[in-house]
Each structure stands twice: as structure tokens, then as C-alpha cells.
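Engineer: If you're matching them up, the sequences are chains A and B in order.
Its first residue numbered 1, the first sequence is counted upward by one per residue in this note's numbering.
Its first residue numbered 158, the second sequence is counted upward by one per residue in this note's numbering.
Note that CB positions come from ideal geometry on N, CA and C, so glycine has one too.
2 protein chains.
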Amino acid sequence: MPSHEFQSHDHSHCVSDAMNAALLHCEKNSLKFTPVRQRVFEILLSEHKAMGAYDILEILAKEGMGSQPPVVYRALDFLGTHGFVHKIEKLNAFVACEHPGSDHDPAFMICRSCTKVVEMEGSPNSEISTAAKSMGFEVEAIVVEAEGLCPTCQDTE
Amino acid sequence: MPSHEFQSHDHSHCVSDAMNAALLHCEKNSLKFTPVRQRVFEILLSEHKAMGAYDILEILAKEGMGSQPPVVYRALDFLGTHGFVHKIEKLNAFVACEHPGSDHDPAFMICRSCTKVVEMEGSPNSEISTAAKSMGFEVEAIVVEAEGLCPTCQDTE
DNA sequence: GAGGGCTTGATATACTATAACAGTTCATAT
DNA sequence: ATATGAACTGTTATAGTATATCAAGCCCTC
Chain A
1 MPSHEFQSHD HSHCVSDAMN AALLHCEKNS LKFTPVRQRV FEILLSEHKA MGAYDILEIL
61 AKEGMGSQPP VVYRALDFLG THGFVHKIEK LNAFVACEHP GSDHDPAFMI CRSCTKVVEM
121 EGSPNSEIST AAKSMGFEVE AIVVEAEGLC PTCQDTE
Chain B
158 MPSHEFQSHD HSHCVSDAMN AALLHCEKNS LKFTPVRQRV FEILLSEHKA MGAYDILEIL
218 AKEGMGSQPP VVYRALDFLG THGFVHKIEK LNAFVACEHP GSDHDPAFMI CRSCTKVVEM
278 EGSPNSEIST AAKSMGFEVE AIVVEAEGLC PTCQDTE
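(1) Which partner residues of C268(B) appear in the DSSP bridge assignment?
(2) For the segment 294 to 313 of chain B, list every residue whose C-beta sits within 8 Å of some C-beta in chain A, in sequence order.
(3) Smallest Cα separation from A21(A): which of N125(A), E98(A), I128(A), G148(A)?
(4) Check whether the segment 285 to 294 of chain B and the segment 237 to 247 of chain B touch, using three or more Cβ-Cβ pairs below 8 Å as the test.
(5) Quick one: does S8(A) have its CB under 8 Å from some CB of chain B?
(6) Looking at F198(B) and L248(B), is the spacing between their C-beta atoms short of 8 Å?
(7) Counting Cβ pairs closer than 8 Å, one from the segment 189 to 209 of chain B and one from the segment 221 to 239 of chain B, do we hit at least three?
(8) Would DSSP call M19(A) helix, strand or coil?
(9) Looking at chain B, is there any beta carbon in it that lies within less than 8 Å of the beta carbon of P124(A)?
(10) First and last residue of the beta strand (DSSP E) that includes E199(B)?
(11) Classify H261(B) as helix, strand or coil using the three-state DSSP reduction.
(12) Figure out for me which residue from H9(A), I59(A), Q68(A), E157(A) has the closest Cα to the Cα of S113(A).
(13) Return the Cβ separation of S60(A) and A18(A) in integer angstroms, given the expectation that the two are a contact with Cβ distance under 8 Å.
(14) Under 8 Å, Cβ to Cβ, is there at least one residue of chain A near S169(B)?
(15) Consult DSSP for E119(A) and reduce its assignment to one of helix, strand or coil.
(16) Out of curiosity, what's the CA-to-CA distance linking A53(A) and C183(B)?
(17) V193(B): beta carbon under 7 Å from a heavy atom of the ligand GTP?
(18) Report the rounded CA-to-CA distance for C310(B) versus S16(A), giving the unit in angstroms.
(19) Answer yes or no: do M51(A) and F94(A) have a C-beta to C-beta separation smaller than 8 Å?
(20) Consider the Cβ of V96(A): report whether some Cβ of chain B lies at a distance smaller than 8 Å.
(21) Would you mind sorting P281(B) into buried or exposed? The rule is 16 or more other CB atoms within 10 Å of its CB.
(22) Quick check on the DSSP output: the beta strand (DSSP E) that includes K87(A) runs from which residue to which?
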């Protein structure tokens with residue numbers, strides 16, 4: 001499976017793989033993967049894009065699954081805590097994680113043209129951790145978000 | 158001068174150096190470094206902490222320099238555009254830049270205990286750029302924010 | 001001194017997120 | 001089986017962050 005989610009790919013695999021991994025992880029750890037939580041995860045999985053909480057809420061509301069902000073924020077909190085989604089700070093938006101289950105400090109590429117968001121492979125954050133450590137700073141979490149143009153959008157500019 | 162702004166240091170140098178550099182840069186480039194803009198910059202320089210736009214606005218309002226959000230957001234926009242301040246996405250807050258004038262992709266360390274924010278030296282972001290490039294992604298800007306404990310706060314825990 | 005561009009003032013509103021409390025569900029211990 | 005408690009959901013209200021828009025003033029320059 002290619003790591004280049006910016007290119008076209010069999011997206012149904014992304015969805016089913018991630019959903020299966022999440023289901024498995026929840027079962028193993030006795031986590032309650034409730035309908036709202038599953039649905040929010042599905043919505044986020046449906047595209048490699050970051051979605052705002054209120055965009056998600058709108059969809060939920062149409063489906064009769066809760067129409068107030070806390071509903072979606074609580075689901076996102078659950079999904080984030082257990083590593084199924086990540087927040088893109090720069091966009092105040094959320095994306096489904098492509099490697100759920102594994103604990104990691106993700107790094108993202110955000111295309112400013114097509115708004116796709118893809119997680120980098122291999123968490124290339126060691127340079128930063130090293131630099132921080134050399135100043136005596138103890139890193140607990142890292143936000144890395146690179147904004148620019150994805151391969152496809154470079155061609156069309 | 159130590160690069161360890163987490164430690165105690167002669168802070169008046171930070172302020173005057175940065176302000177002088179900003180004044181110089183504005184003069185050279187015919188930028189209008191108006192009173193509101195200068196004052197917002199000063200406020201942010203006064204501590205190595207990130208401040209919310211509304212915190213700054215409160216101070217401005219007390220001093221009679223404008224009491225509506227657009228005033229401070231416009232000043233922050235100007236200061237950000239010209240590299241005098243940076244936004245900390247994770248905190249929705251702003252810090253004065255410690256190396257104004259030089260164009261750079263900053264990387265920050267945020268202490269979750271004392272809330273100080275310090276810019277890393279040397280922009281340790283090449284690993285990320287390399288990783289992105291290897292996927293064909295063209296990086297235009299990078300957000301790097303490491304949250305954790307500064308040297309001082311590690312001792313007191 | 002008229003025009004144009006930029007800055008500020010002011011009002012209104014949009015967008016993002018959380019606090020707090022009530023009601024429900026469900027697993028577990030008694 | 002049922003009482004208990006923990007976690008999830010529903011709902012109301014509100015806090016916090018950011019921008020659109022239009023009017024008015026300033027300054028440069030032609």
C-alpha cells in the first residue's frame with residue numbers, strides 16, 4: 001500500500017483498515033466505541049481532509065445523532081485520547097489517524113490548495129527532540145504541521 | 158548572551174534589542190510602525206510568554222488605544238507578516254520573535270507549567286522538510302511546537 | 001488640493017470550545 | 001434481582017477566538 005495518500009488510491013482500504021484497527025483496539029481495551037463515536041470516526045475517515053467540529057456536527061445532526069457541540073467535541077476527545085484522530089492546530093480541525101493503535105507524535109503535510117492532510121511516515125521529529133533536550137527542555141508532545149503544495153496541486157499551478 | 162531564555166537573564170536586552178531591530182527594519186522597508194503596532198509589540202516583548210489577543214486588547218483598552226478586537230488583530234497581523242511576532246497555534250496565542258528581521262521557520266518549546274515559550278535555535282526543521290520533499294510535497298511554512306517542561310519546572314516537580 | 005492607498009474606529013457577527021447539570025445506560029457487587 | 005456507581009448522552013448556556021464590513025481620518029504624491 002502506497003504511503004502517498006495525496007495520489008489517488010484505493011480509499012476504501014484506508015477506511016476499512018482504520019475502522020477495523022479501531023474496533024479491535026477498543027475491544028482489547030474495553031473501550032466503548034459507541035455509535036456516535038464510530039460515526040464521527042467514519043465521517044473523518046471518509047476523506048483525507050481535516051474537518052471542523054461543526055462540519056461534523058452538521059452531518060450528525062442530519063442523521064439525528066445529536067445536534068449540540070458537546071456531542072461532537074466529546075466524541076473527538078475520545079477519539080483523540082485513544083489515537084484514532086488528530087487535531088490540526090493550524091486549522092482548528094480534525095483528521096482521522098492513519099496508524100491507529102500505535103502511540104506516536106504525528107507530523108502532517110497540509111495542502112493549501114486541495115486541503116488534503118496526510119500524516120508523514122516515520123515521525124521525523126527526532127531532530128526537534130534532540131534540539132530541545134540540548135537546552136534541557138523535556139518534550140512531552142510535539143505539534144508538527146507543514147503547509148504547502150501536494151504533488152498533484154504543484155502540477156496544476 | 159545565553160540562548161536559554163528559560164533561565165533568568167537580563168531581560169531588558171531582549172526587549173531593547175528586538176525593538177531596535179524592528180524599528181530599523183521598518184525604517185529600511187518603509188513600513189509604518191504605528192503607535193498601536195509598537196505598543197502591541199512591546200506588550201508581547203515584556204515576557205517570554207504567549208498572550209492571547211484579548212489579553213493584549215485589555216491592556217490596550219486601559220491605555221486608550223483601541224478597545225475592539227480588530228485593532229489588536231490587525232496589529233498582530235502586521236507584526237506577524239513582518240516576522241516580529243509568531244502565533245503559537247496550540248495556544249491560540251502570540252509571542253514576540255526573538256530574531257526579528259531574519260526570515261525563518263521557528264520552532265517553539267512551550268512549558269506547560271510556567272507557560273514560558275522559547276524559540277529554538279537554528280530552526281531544527283530540516284528533517285521534516287526532507288521527509289516532506291521525499292513524498293513530493295512542497296513545504297512553504299512549518300509549525301513546530303513542543304510542549305513539555307522547561308529546566309526550571311522539571312526541578313520543582 | 002484632489003486622489004488614492006493605508007490605517008484606525010466601530011458595529012456586528014461568525015467560528016471554535018467548554019462548563020454544568022440532568023437523565024440514561026450498563027456492568028458489577030451485593 | 002436490585003442497588004450502586006461509572007461512563008455516556010442530551011441540553012442549555014456561555015466563554016473564548018477571529019473576521020467581515022463600512023465609515024472616517026491620515027499621509028503621501030502628483
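Structural biologist: Answer, in terms of the structure:
(1) G305(B)
(2) F294, E295, V296, E297, A298, I299, V300, V301, E302, A303, E304, G305, L306, C307, P308, Q311
(3) E98(A)
(4) The segment 285 to 294 of chain B, when compared against the segment 237 to 247 of chain B, does not touch it at the 8 Å Cβ threshold.
(5) no
(6) no
(7) yes
(8) helix
(9) yes
(10) Per DSSP, E199(B) belongs to no beta strand (DSSP E); it is in the alpha helix (DSSP H), 192 to 202.
(11) coil
(12) E157(A)
(13) Going by the sequence as given, residue 60(A) is Leu instead of Ser. The Cβ separation is near 19 Å, so there is no contact.
(14) For S169(B), the answer is no, since every Cβ of chain A falls outside 8 Å of its Cβ.
(15) strand
(16) 40 Å
(17) Within the structure as shown, the ligand GTP is missing, as the structure has no ligands at all.
(18) 44 Å
(19) Their beta carbons are under 8 Å apart, which means M51(A) touches F94(A) by this criterion.
(20) The question names Val, but residue 96(A) is Ala in the sequence shown. Cβ-Cβ to chain B under 8 Å: no for A96(A).
(21) buried
(22) Run containing K87(A): 85 to 88, per the beta strand (DSSP E) assignment.
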